[in-house]
Each structure stands twice: as C-alpha cells, then as structure tokens.
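Q: These protein sequences, in sequence, are chains A and B.
Per our numbering, the very first residue in the first sequence carries number 37; after that it's consecutive.
Per our numbering, the very first residue in the second sequence carries number 37; after that it's consecutive.
For each residue, glycine too, the CB sits at the ideal point set by N, CA and C.
Protein chains: 2
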Amino acid sequence: MEPVPMLLAMTYRAMGDQFHDRLRQIGLEPLRPAHGYVFRFLKEKRATTVDIGQHLGVTKQAAAKIVAELDEWGYVLREPHPTDKRAQYVALTTKGRDYLKFADNLWADLEAEMAEAIGADTVVTIRQGLAAYLQHVHGEDQPGLRPVW
Amino acid sequence: MEPVPMLLAMTYRAMGDQFHDRLRQIGLEPLRPAHGYVFRFLKEKRATTVDIGQHLGVTKQAAAKIVAELDEWGYVLREPHPTDKRAQYVALTTKGRDYLKFADNLWADLEAEMAEAIGADTVVTIRQGLAAYLQHVHGEDQPGLRPVW
DNA sequence: CAAAGTAGTCAACCAAGTTGTCTAACCTTA
DNA sequence: TAAGGTTAGACAACTTGGTTGACTACTTTG
Numbered sequence: 037m038e039p040v041p042m043l044l045a046m047t048y049r050a051m052g053d054q055f056h057d058r059l060r061q062i063g064l065e066p067l068r069p070a071h072g073y074v075f076r077f078l079k080e081k082r083a084t085t086v087d088i089g090q091h092l093g094v095t096k097q098a099a100a101k102i103v104a105e106l107d108e109w110g111y112v113l114r115e116p117h118p119t120d121k122r123a124q125y126v127a128l129t130t131k132g133r134d135y136l137k138f139a140d141n142l143w144a145d146l147e148a149e150m151a152e153a154i155g156a157d158t159v160v161t162i163r164q165g166l167a168a169y170l171q172h173v174h175g176e177d178q179p180g181l182r183p184v185w
Numbered sequence: 037m038e039p040v041p042m043l044l045a046m047t048y049r050a051m052g053d054q055f056h057d058r059l060r061q062i063g064l065e066p067l068r069p070a071h072g073y074v075f076r077f078l079k080e081k082r083a084t085t086v087d088i089g090q091h092l093g094v095t096k097q098a099a100a101k102i103v104a105e106l107d108e109w110g111y112v113l114r115e116p117h118p119t120d121k122r123a124q125y126v127a128l129t130t131k132g133r134d135y136l137k138f139a140d141n142l143w144a145d146l147e148a149e150m151a152e153a154i155g156a157d158t159v160v161t162i163r164q165g166l167a168a169y170l171q172h173v174h175g176e177d178q179p180g181l182r183p184v185w
C-alpha cells in the first residue's frame with residue numbers, strides 16, 4: 037500500500053496538470069502555482085513581500101522575485117506602507133482580480149468533476165480531513181504551502 | 037474556501053517535513069523524496085533508468101542523475117539487462133532494502149498519528165478517494181509522481 | 001536489410017530557489 | 001534620547017535539480 041503522501045503528490049499533480057491544460061486551451065497565460073497562491077493570499081489580507089514568502093514557504097528573496105514578475109506583468113502593484121517607511125504593501129490590480137476569479141471557477145469545475153467521479157461526500161471528507169490534520173499538526177501558524185520535492 | 041490542491045500541497049509538505057525531521061533525529065541520512073520513491077518502485081518491479089524517470093515524472097537524464105547518486109551511496113546497483121544490450125536493470129541492494137523498510141515503518145507511524153487526529157475511517161476514505169480519482173483521471177498509466185511547483 | 005526508434009551518456013544550459021551582505025528604517029530600553 | 005538589536009527590502013553570487021540537444025550502440029519494424 038502506498039503511503040498517503042504519494043497519493044497527495046500524485047493527485048496534486050494530476051489536478052494541477054488539468055488546470056494548466058485548460059488555462060492554455062482558453063489562451064490565458066498560464067502562471068505558475070505560486071502566482072495563483074499569491075493572488076489568493078492577497079485577496080484576503082494586505083501583505084508585504086516578507087508575508088508572502090512566509091505564506092509560500094520560501095525566502096523573502098524568492099518571494100521578491102515572484103512579486104517583481106507579477107508587478108511587471110500588471111497583476112499586482114506596490115503601494116507604500118502606511119506606517120512603516122521600509123515596507124510596501126503588495127496589492128492586486130483589476131487584472132489580478134480577474135485572473136483569480138477565472139481560476140477559481142476553473143478549480144470549482146475540476147472539483148465538481150472530482151465529486152462526480154468519487155462522490156461529493158468523499159470530497160467533503162477529504163477536504164475536512166486534511167484541514168483538520170493541518171490544524172492538528174500546526175495550529176494557527178500554518179506551514180509553507182509549497183511542496184518540497 | 038481553499039481549493040483542494042492547496043490542501044494537498046500543504047498536507048504533503050507537513051507530512052514530509054515530519055518524516056524528514058524524524059529521520060534526522062535518528063541519525064539516518066535523509067535522502068530526498070525522489071530517492072525513497074525510487075526504492076519503493078524498485079521493490080515491486082524491475083526497472084531501467086527510463087522506467088524510473090517516467091514513474092517520477094522527470095526526464096531520463098534527471099533520473100540517471102538520481103540513479104547515479106544512489107549507486108554511489110550503495111543503495112542500488114546496476115545489472116545488465118537480460119535481453120537488451122543497451123539497457124541496464126537497476127536493483128536495490130540490502131542497504132537500500134533496509135532503508136526502505138525503516139522508512140515504511142516511519143510512514144506507518146505518521147499515518148497512525150494522522151488517524152488518531154482525524155479518525156481512522158477518514159484516513160481510509162482519503163486514501164481510497166484519491167486512489168479512485170487518479171484511476172478515473174489517468175486509468176492504468178499513472179501520471180508522474182513529482183508535484184510540479 | 002534498411003529505416004525508424006530507444007537506452008544510456010555527455011555536455012550546455014536554465015529556472016527557481018538559496019545564502020550572504022548591505023542600507024534604511026524601526027523598536028526597545030536604559 | 002542615544003545605543004544596540006531587529007527588520008524590510010534590494011543586490012549579488014552561488015547551488016540545485018531539473019531541461020534540451022546531440023551522439024552511440026543497439027533494437028524493432030516494415
């Protein structure tokens with residue numbers, strides 16, 4: 037029997053591949069997972085580059101590169117931090133928000149297909165189970181999001 | 037609500053981090069995930085470097101590097117292919133088999149802890165659900181194992 | 001038996017991280 | 001309020017783990 041992490045990795049890849057393929061079919065430029073996760077993060081809370089790095093599980097320098105790309109491509113912009121003159125807030129542009137909305141729909145589609153294949157209740161169990169496990173292991177301060185290969 | 041793939045990635049990382057930490061505590065040299073997956077693959081079937089690359093989801097050249105490392109460290113050896121003079125079978129040494137056995141126990145421990153945290157039945161559902169999804173998406177020829185970040 | 005395909009190796013390259021260093025700004029705290 | 005420690009961000013050098021491309025020896029197919 038295969039260890040659970042192998043199943044996690046394979047499923048992650050399988051879903052990611054499909055996501056990527058469909059984005060390409062539509063003609064939307066396929067950003068990497070990290071970019072999408074940054075969008076999602078910025079939707080909920082204001083964040084600096086350091087925050088983003090922590091969320092992704094990479095160094096601040098790596099996060100800075102990603103932010104620089106997104107800025108260059110027009111998905112985010114940097115605005116001065118209100119109280120800390122060293123820092124900058126990274127914020128989504130309209131283009132960034134649109135991309136996120138589109139991607140969310142796509143994820144929902146893929147999840148619906150998953151539900152059709154293995155049962156909606158099973159998907160719910162998986163979602164809740166994994167979330168509960170993460171909560172159990174790491175409490176509030178969640179680990180990096182990036183899988184380490 | 038977070039998309040399922042994010043949960044997969046975070047859980048994969050959380051489990052992998054714990055696995056890695058415990059190996060280190062024990063003093064066993066912590067190979068990368070890829071190495072462990074190669075062991076597991078070789079346990080079940082004889083395989084060439086090309087087979088391994090396909091299983092991991094990387095090019096044959098990348099697989100060749102991994103095999104060369106494992107050979108150098110004494111975990112595997114290469115033996116001539118019985119019918120094809122170009123090819124070589126890669127086989128586990130005793131050292132390799134021991135490592136695998138040890139790692140399997142560790143995985144089992146981690147999974148038991150997961151079961152304790154979220155319920156054994158939930159773990160079973162997750163396992164079966166993901167396996168069924170992979171089966172549904174890719175049929176017999178499974179996708180690469182390596183998550184693409 | 002010729003043509004096309006495949007296993008393995010070598011080499012050059014590339015992407016996406018890392019560590020280390022620096023400056024300017026911030027935060028004690030004595 | 002000055003001093004010492006910390007932090008955000010930028011820049012540079014480097015490492016890792018992959019990629020593509022080319023080539024040889026061998027195999028398979030028509």
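Here's the rule: buried if 16 or more other CB atoms are within 10 angstroms of the residue's CB, otherwise exposed. What is ARG60 of chain B?
A: exposed
Q: Determine the contact status of ASP53 of chain A and PRO179 of chain B, defining contact as a CB-CB distance below 8 angstroms.
A: yes
Q: Is DSSP giving PRO41 of chain A helix, strand or coil here?
A: helix
Q: So, is VAL160 of chain A buried or exposed, given that buried needs 16 or more other C-beta atoms within 10 angstroms?
A: exposed
Q: Could you pull the start and end residues of the beta strand (DSSP E) that ARG114 of chain A belongs to?
A: 112-116
Q: At a Cβ cut of 9 angstroms, what residues of the segment 98-113 of chain B count as close to chain A, listed as they run along the chain?
A: none
Q: Determine whether the Cβ of TYR135 of chain B lies closer than 8 angstroms to any Cβ atom of chain A.
A: Answer no: the Cβ-Cβ gap between TYR135 of chain B and chain A never drops below 8 angstroms.
Q: In the DSSP output, what is TYR73 of chain A paired with across the bridge?
A: Partner(s): none; TYR73 of chain A has no beta bridge.
Q: For THR85 of chain A versus ALA100 of chain A, is the C-beta distance shorter than 8 angstroms?
A: yes
Q: Scan the segment 46-60 of chain A for residues whose Cβ lies nearer than 9 angstroms to a Cβ of chain B and list them as they occur along the chain.
A: MET46, THR47, TYR48, ARG49, ALA50, MET51, GLY52, ASP53, GLN54, PHE55, HIS56
Q: Applying a beta-carbon distance threshold of less than 8 angstroms, which residues of chain A neighbour ALA147 of chain B?
A: For the record, residue 147 of chain B in the displayed sequence is Glu; it is not Ala. Correct list: PRO39, VAL40.
Q: Cβ of GLY110 of chain A within 8 angstroms of Cβ of LYS131 of chain A?
A: yes
Q: Give the DSSP-derived three-state secondary structure of GLN97 of chain A in the structure shown.
A: Collapsing the DSSP output to three states places GLN97 of chain A in a helix.
Q: For ASP134 of chain A, which of A:LEU43, A:THR47, A:MET46, A:LEU64 has the nearest alpha-carbon?
A: A:LEU64
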